[in-house]
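Take a look at the structure set out below.
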Amino acid sequence: MKQKTVVLDNGASTIKLGVTGVDKTPRIVPNGVFRSKGDKATYVGQEVYDCQDFASLHYRLPFEKGYLVDWDVQKAVWDGIFYGGKLGVETTDASLLITEPYFDLPKLQEMYDQFVFEEYEFKSYHRCTPASLMPFSNLFSERGSPNPECMIIVDSGFSFTHVVPIMSGAVVWNAVKRIDVGGKLLTNHLKNLVSFRQWNMMDETYIINNVKEACCYVTQNFKQELETCKANLGNNPVHREYILPDYSVNRPGHVRQPDEAMQNSYQILHMNNERFSVPEVLFRPDDIGTLSLSFYYMLREIDVIVRF
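If you read the sequence shown in the working numbering, its first letter stands for residue 1079, the second for the next number, and so on.
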């Protein structure tokens, strides 16, 4: 029988995992321990999907500023994945492929090794950065063309965004660039905007993250979209109404559809220019006072370094 390999993309916000030859699409597991203010219950990893009240949800995450520092939390989440038969394979009979942060510290790498072999007893494992796996993907072969000799990978994660050049299947480490903008900063920025303009949502990280994922997008013409947003909300194609969740009746939050009847109990979050101005921070981090170069200058710097 062929040995199975567990592939685990260990992100700071979510874990994407699967078993080779078994899972066609990755399973998504929240990477953290959560405590609900409503029912006072504690949820580990994917248990949070069973939570009925996400209001003021308290997060305890294993990653801080892009690096794994709380191993107690990480072990609790990994235990929920590897034990109990949920994975479908025994760790002692499988290999593991796991991702780690870029420029990970040697002491943290040693902790990865210790947990993989001593705690979970995998037969073998490989630890690498996410971008280093791209030369082995079928992204281009599906289109009938071979993988290119040179690639530039933009890996936008929870804490940072990395721009990673790859030549001949290997990462050019002296040319890797980091932008201090990730999903966490964008969610916090959106919290600040809606709390100042509409509802106080400063303690509602989970809800606002869902709003961001449901409503936000990257615009190709920022100035034109701003002009569009000046129109009356009823005639504005950018405007969306996000109905905030009501946990007293177990109603999740969602974007209101045009044919959906309005109810008096609805609390509406109006999403106008916030839909594209929040993701724009990725391209113009100085707009919110973040001292980091934009994608444009990062790519220019990489081009110069790779050439010489």
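Note that beta-carbon positions come from the ideal geometry of N, C-alpha and C, so glycine has one too.
This structure is a prediction, so every number in the text was calculated from the model and none was measured.
Go through its chain and collect everything with a Cβ distance to S1091's Cβ below 7 Å, but skip five positions before and after it.
N1109, F1236, G1261
Per-residue burial, G1162 [other beta carbons within 10 Å of its own, 16 or more giving buried]:
exposed
Among N1278, Y1180, L1271, G1116, which one has its Cα closest to the Cα of K1143?
Y1180
Between the C-alpha atoms of T1207 and D1337, what's the straight-line distance to the nearest angstrom?
45 Å
Just verifying my parser: in three-state terms, what is the DSSP assignment at H1204?
strand
Within a Cβ cutoff of 8 Å, which residues of the same chain sit near V1316, ignoring the five residues on either side of it in sequence?
E1303, T1306, C1307, N1350, N1351, R1353, F1354
Is K1164 buried or exposed, if buried means 16 or more other CB atoms sit within 10 Å of its CB?
exposed
Drop a sphere of 10 angstroms on the beta-carbon of K1269, count the other beta-carbons inside from all chains shown, and report buried for 16 or more, exposed for fewer.
buried
Considering only C-alpha positions, which residue in the set C1294, H1240, T1239, I1257 is nearest to E1319?
C1294
How long is the line joining the alpha carbons of S1370 and D1258, rounded to whole angstroms?
6 Å
Report the three-state DSSP secondary structure of H1267 (helix, strand or coil).
helix
By Cβ distance below 6 Å, which residues in the same chain neighbour L1139 in space, the five residues on each side in sequence not counted?
G1110
Please state the DSSP three-state secondary structure of G1099.
coil
If you draw a straight line from the alpha carbon of S1285 to that of G1331, how long is it in whole angstroms?
The question names Ser, but residue 1285 in the sequence shown is Ile. Spanning the two alpha carbons is a distance of roughly 8 Å.
In the DSSP assignment, find the unbroken alpha helix (DSSP H) run with E1291 in it and report its ends.
1283 to 1293
Does L1095 pass the burial test, meaning 16 or more other C-beta atoms within 10 Å, or should it be called exposed?
buried
Any chain C beta carbon closer than 8 Å to R1334
Considering every chain present, this structure includes no chain C. It has just one protein chain.
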